[in-house]
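Start counting at 1 in the sequence shown, then tack on 127, and there's your number in the numbering used here.
Backbone N, C-alpha and C define an ideal beta-carbon position, used for all residues, glycine too.
None of the values given here were measured: they were computed from a predicted structure.
Below is one structure, written out as C-alpha cells; the observations come after it.
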Amino acid sequence: MKKRFQSITNKIWTFSAVGLLLVLWQAVCSLGLVDSFMLPSPVQVIKALIAEAPALAEHCTVTLSEAGAGLFCGVATGFIIAVIMDRFEPLYKAFYPIIVLTQTVPTVAIAPLLVLWFGYEMMPKIILITLTTFFPIAVGLLDGFRSTDPDSVNLLRAMGAGNGQVFFHIKLPASLPRFFSGLKISASYAVVGAVIAEWLGGFGGLGVYMTRVRKAYAFDKMFAVIILISVISLILMKLVDFLHKKSTPWERSQKE
Numbered sequence: 128m129k130k131r132f133q134s135i136t137n138k139i140w141t142f143s144a145v146g147l148l149l150v151l152w153q154a155v156c157s158l159g160l161v162d163s164f165m166l167p168s169p170v171q172v173i174k175a176l177i178a179e180a181p182a183l184a185e186h187c188t189v190t191l192s193e194a195g196a197g198l199f200c201g202v203a204t205g206f207i208i209a210v211i212m213d214r215f216e217p218l219y220k221a222f223y224p225i226i227v228l229t230q231t232v233p234t235v236a237i238a239p240l241l242v243l244w245f246g247y248e249m250m251p252k253i254i255l256i257t258l259t260t261f262f263p264i265a266v267g268l269l270d271g272f273r274s275t276d277p278d279s280v281n282l283l284r285a286m287g288a289g290n291g292q293v294f295f296h297i298k299l300p301a302s303l304p305r306f307f308s309g310l311k312i313s314a315s316y317a318v319v320g321a322v323i324a325e326w327l328g329g330f331g332g333l334g335v336y337m338t339r340v341r342k343a344y345a346f347d348k349m350f351a352v353i354i355l356i357s358v359i360s361l362i363l364m365k366l367v368d369f370l371h372k373k374s375t376p377w378e379r380s381q382k383e
C-alpha cells in the first residue's frame, strides 16, 4: 500500500510539472513574447494535431513499420553478437572495442551514405535503425551473461550440464533484466532513427512529413509531429516494461 501511494505521489508531481510547463508555454505565446509562427501555442499545436490526424496516421504507419523491422533486426543482431562474444573470450576482447567505436559515429553522418548506397526505399532506414538499436541490446546481454553467479554455473556443470543448459537455465534468466533495460532504450531509438532516416529521403513517414511542413514554415504541425513521436516512444517504453514484468515474475515476488 505504501509503494502504491508513493507511485501515485510521484505521478502527481510529474503531471504537475508538465502542466506547469504547458501553462508557461501558453502564457508566453498569449502575451506575444515570441512570434506565433516561431513558437505556436499548445492550443495551436493540439488543433494542428487534430486537423492533420488522417495524414499523420498514414505517415505514422510507415514510420512504425520501419521502426519495427529495424528494431527486430537490431535485437536479433545484438542477441547473436552477445551470445558469440560471451562464448568465445578472444572475440570479446577483439570486437567489443570496435562495437563501442561504432556508437561514436553520428547517425546523421551515416544516413546520407545509406541513402546513396541503397536508395530511398525502406532498406537504408532498416539498416540505420539496426545500427542504432543493436548496441544497447548487445551490451545489456553481455553484462547480464557476465553477472551470473559462478557458484550456480559450477553446480550445474557438476551435475553434468552442457553449455546450452548453463545458458538457458542460468545465463539467460540472469540477463533478462538488463536485456529489457537495453530494449527500452532501443525501442525509443528505433522511432527516432526512422525519423532521421526519413529526413534525408523517402516517400512517406513522419520524417518526410516534418520536412514538408518545415519548408512551409508550418511550425504548429512540426510541433504536433514532435509530440506524436514522443507519445509513440513513451508507449513503446511502457510496452517493454509490461513485457519485462511478464517475463520476470520472480523479480516481483522477490520485491514483495
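CB residue 322 to CB residue 360, shorter than 7 Å? no
Original post:
Can you tell which of 301, 375, 230, 339 has the C-alpha that lies nearest to the C-alpha of residue 260?
Top reply: 230
Which runs of the alpha helix (DSSP H) spanning at least 4 residues fall entirely within the region 294-368, listed in chain order?
Counting whole runs of 4 or more residues, the region 294-368 contains the alpha helix (DSSP H) stretches 299-326, 333-342.
Margin query: Please state whether the Cβ-Cβ distance between residue 209 and residue 268 is less than 7 Å.
Written below: yes
Three-way DSSP call (helix, strand, coil) for residue 161 in this model: coil
query = To the nearest angstrom, how far is it from the Cα of residue 316 to the Cα of residue 198?
reply = 9 Å
Worksheet entry | Rounded distance between the beta-carbons of residue 320 and residue 186, thought under 8 Å | So it is not a contact: roughly 16 Å between Cβ atoms.
Worksheet entry | Inter-stretch contact (C-beta, 8 Å, three-pair minimum) for the region 174-181 and the region 341-356 | yes
Taking all protein chains shown into account, decide if residue 347 is buried (16 or more other Cβ within 10 angstroms of its Cβ) or exposed.
buried
Measure the Cβ-Cβ separation of residue 271 and residue 305 and say whether it is below 7 Å.
Between residue 271 and residue 305, the C-beta gap is smaller than 7 Å, which places the two residues in contact.
Next on the checklist: I need the boundaries of the alpha helix (DSSP H) containing residue 192, first residue and last residue.
Outcome noted: 180-214
Element boundaries [alpha helix (DSSP H), containing residue 250]:
250-273
Where residue 250 and residue 311 are concerned, what is the direct C-alpha to C-alpha distance, given to the nearest angstrom?
Looking at the two C-alpha atoms, the distance is approximately 23 Å.
Quiz prompt | Cut-off 7 Å between Cβ atoms - residues of its own chain near residue 308, not counting five sequence neighbours on either side | solution = Closer than 7 Å at Cβ, skipping near neighbours: 267.
Discussion item. Spatial neighbours of residue 263 within its chain, please: C-beta separation below 7 Å, excluding the five flanking residues on both sides.
Written reply: Once the five neighbours on either side are set aside, the close Cβ partners of residue 263 are 309, 312, 313.
Which residues in the same chain as residue 238 place their Cβ atom closer than 8 Å to its Cβ, once the five residues preceding and following it in sequence are excluded? 251, 255, 323, 324, 326, 327
Do residue 303 and residue 374 have their beta-carbon atoms positioned less than 7 Å apart in this structure?
Contact flag set, yes.
Tell me whether residue 143 sits in a helix, a strand or coil according to DSSP, three-state version. helix
Alpha carbon of residue 340 to alpha carbon of residue 216, nearest angstrom
51 Å
* Asked: For the alpha helix (DSSP H) that contains residue 234, what are its first and last residues?
  -> 234-245
| field | Any C-beta of chain C under 7 Å from that of residue 373 | value | The question asks about chain C, but that chain is absent: this structure has only one protein chain.
| request: For residue 288, name the three-state secondary structure that DSSP assigns. | output: coil
- request: For residue 204, collect the residues of the same chain with a Cβ closer than 7 Å to its Cβ; drop the 5 residues on either side in sequence, then sort them by chain order.
  value: 257, 261
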